[in-house]
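Below: one structure, written as structure tokens.
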Amino acid sequence: VNIRKHPLEIPPPSEKDWPKDDAEDFFLLDPDRERDALPQPFRMINKLVMQVFESAMEIIEKREMLREAQKLKVQPTKCFPTAEFQVTGRANCLAVSGKYIFVGLSVGLAAFNTCDCKDVCAWDADKTEICAIHASDLGNECHVLLAVDEMGLVWLLCFHKESFLLIKILNEVEDISKRSTCVEVVLSRGGDYAGILLQGNTKAWLEIYQLPKDSWLIELEKNPGAAAGLACSERRSSYASAVDTFLLQEFPVSANQADVELDLPVLLLTVKPPKPITGTSFKSPLDALKEVDDDSMLGLGYNHLIKDSQWELQEAIFRSTYREYLEAEGVIKEEIPRHATFHFLLPSRILVGPEMKVPDIPVGIGVHWDGNHNFCLYLLNHPLEGKVDSDLKPDVVWPCAAPIACSAVSSCSRYLALAGEDATITIWDKYLGYPLSVTAILEERFIRSIHFL
């Protein structure tokens, strides 16, 4: 048995066993700093790897947050086509009227029935490529169509009982050198009026036609089968697949001359762009006031007393003041505008016509030309004598502070929105004739189009 004679004692620490760092600060040391003891270039490599890892984690977290936010949003409903129409050539445009869909093709027009998804007939007598089409339902299975081809010709057609009937080419002339090109077509709701914007070599103008739809309906009822023989080839559809895919096949049909003769549209107005304002020829204010038809009307600014010398002096002062800006951007000479935007307007307190008893028939048009400050309103009940070829004056003029860039009319035709080139939108109550609101958009913005929802 081994018996210890002396008590157990802890030996004192030797100096060589002491830690080199201070014992008091030992627990404050960062354990990650042990990596700093790595030699170069391993420390730099480790630092770059950690930065890449942290950046990757930040990207992953952002994507996860976006994914979670996307899940909370309402997902749009995906719609798949229930029917497919394969046509000969290329489909350029389409219009819906009643239960029919009219498609403008590279070889004419085609009509489809929306009820049974079948083709009704096609019009391709002249093999004309249709670039734009507008349609309106006249009632009693009759529709009026305005089609614009690639040459800028406007075709006025009537669709009655699954047959096309050509009425007239509105801007057709015998001399090709004098032919004008259609830029824009507007068909009023109900098909009472049609407006076409035409451009020639050096000028542009707007023509407003009245469509005698009542006489058309009466004549077509008297001759129910007459429209089927004028440049119309019937087409039949063959069922191609189980998803309502219809392949259009053309069948030769003899084109018989129709016995019906529809009345031609009547040219009501010819609106020309406003001319640049020049020096006056009036000698006194009384001479200028005599030229105003109505003292309550704001004119286009032609009846003034500013002389040519005053215009030239103002132009010289302007050029000398802003010479550096004019030399940098270049001076644009004032030209007569060649494009306009126009709308058919229903009756209101400002536009009063004989059709007030029928509130759905337009009584006037609103026109503004590019680069012009004035929104001009014209009544459609002017007498025809001497008004077509003469310079027509507007019945009402709404001047704006800046040139009008675009405009829109509400579906009820009561509210009018005018957007200026200074990015200011003004909403007018057309029925009462005063502005409802003025909204200024952010600076350095140009409004190209405006719509009512």
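Residue numbering for the sequence shown follows my numbering, beginning at -6 and increasing consecutively. We put the CB at the ideal spot given by N, CA and C, even for glycine. Here the structure is a predicted model, which is why all the values come from computation and not from measurement.
Buried/exposed call for residue i, threshold 16 Cβ in 10 Å
i: E437; result: exposed
i: Q242; result: Residue placement at Q242 is poorly supported in this model, since its pLDDT is 36, which falls under 50; the coordinates still yield a value, given next. Exposed, because fewer than 16 other Cβ atoms sit within 10 Å of the Cβ of Q242.
i: R228; result: In this predicted model, R228 has a pLDDT of only 39, less than 50, meaning its place in the structure is not dependable; the value taken from the coordinates is given anyway. Counting Cβ neighbours within 10 Å, R228 comes out buried, since at least 16 surround it.
i: A398; result: buried
i: N194; result: exposed
i: K206; result: buried
i: K410; result: First, the residue type needs correcting, since residue 410 is Ala and not Lys in the sequence shown. Per the 10 Å Cβ criterion, buried.
i: A76; result: exposed
i: H332; result: exposed
i: Q307; result: exposed
i: S341; result: buried
i: C175; result: buried
i: S231; result: Note that S231 has pLDDT 32, beneath the 50 cutoff, so the model's placement of it is unreliable and no number is given.
i: K66; result: exposed
i: C151; result: buried
i: F493; result: Lying outside -6 to 446, the shown extent of the chain, residue 493 is not represented and no answer is given.
i: L425; result: exposed
i: F73; result: exposed
i: A62; result: exposed
8 Å contact criterion, which residue i and residue j should meet: CB distance rounded
i: A394; j: G364; result: Actually they do not touch by this definition, with Cβ atoms about 14 Å apart.
i: S90; j: S129; result: 6 Å
i: Y186; j: I201; result: 6 Å
i: L149; j: P258; result: 7 Å
i: V356; j: L338; result: 7 Å
i: H127; j: A88; result: 6 Å
i: V178; j: V141; result: 6 Å
i: K120; j: G145; result: Their Cβ separation, rounded to whole angstroms, is 17 Å, which puts K120 and G145 out of contact at 8 Å.
Contact check, residue i vs residue j, beta carbons under 8 Å
i: F445; j: S404; result: yes
i: V137; j: L59; result: no
i: A103; j: A115; result: yes
i: K92; j: C110; result: no
i: I443; j: A416; result: no
i: S99; j: E134; result: no
i: S208; j: L191; result: no
i: Y408; j: W391; result: no
i: C124; j: E155; result: no
i: L199; j: G184; result: no
i: K423; j: I343; result: yes
Closest residue to residue i among the options (Cα-Cα distance)
i: L139; options: V147, G82, F439; result: V147
i: S430; options: M50, T419, G101; result: T419
i: V389; options: V402, S400, P396, L372; result: L372
i: E212; options: I160, T263, R312, Y427; result: I160
i: P330; options: V264, T314, P340, E305; result: V264
i: W362; options: H336, I354, L344, I343; result: H336
i: R441; options: I169, P396, Y424; result: P396
i: L158; options: V178, R36, D256, G82; result: D256
i: F78; options: V96, N164, N39; result: V96
i: L180; options: K196, L131, L210; result: L131
i: K215; options: V345, K196, E254; result: E254
i: F368; options: P387, D353, N374, V80; result: P387
i: H366; options: I310, T334, L260; result: T334
Secondary structure of residue i, DSSP reduced to three states
i: K268; result: coil
i: A235; result: Residue placement at A235 is flagged as unreliable, the pLDDT there being 30, under the threshold of 50; the coordinate-derived value follows with that caveat. If DSSP states are grouped into helix, strand and coil, A235 belongs with coil.
i: E200; result: strand
i: M290; result: Below a pLDDT of 50, predicted positions are generally treated as unreliable, and M290, at 47, falls in that range; the measurement from the model is reported next regardless. M290: coil per DSSP, three-state reduction.
i: V42; result: helix
i: K111; result: strand
i: D207; result: helix
i: E414; result: coil
i: A398; result: strand
i: T70; result: coil
i: E2; result: coil
i: K161; result: strand
i: T314; result: helix
i: I94; result: strand
i: T432; result: strand
i: Q33; result: coil
i: S170; result: helix
i: I440; result: coil
i: L257; result: coil
i: I343; result: coil
i: I123; result: strand
i: L385; result: coil
i: L354; result: It should be pointed out that residue 354 corresponds to Ile in this sequence rather than to Leu. Looking at I354 - three-state DSSP - the assignment turns out to be coil, as it is neither helix nor strand.
i: E308; result: helix
i: A62; result: helix
i: A103; result: strand
i: L213; result: helix
Distance cut-off 7 Å: residue i Cβ against heavy atoms of the ligand GDP
i: V176; result: For the ligand GDP, the structure offers nothing, since it holds no ligand at all.
Beta carbon proximity, residue i to chain D, threshold 8 Å
i: D363; result: The chain labelled as chain D is not found in the depicted structure, where only one protein chain is given.
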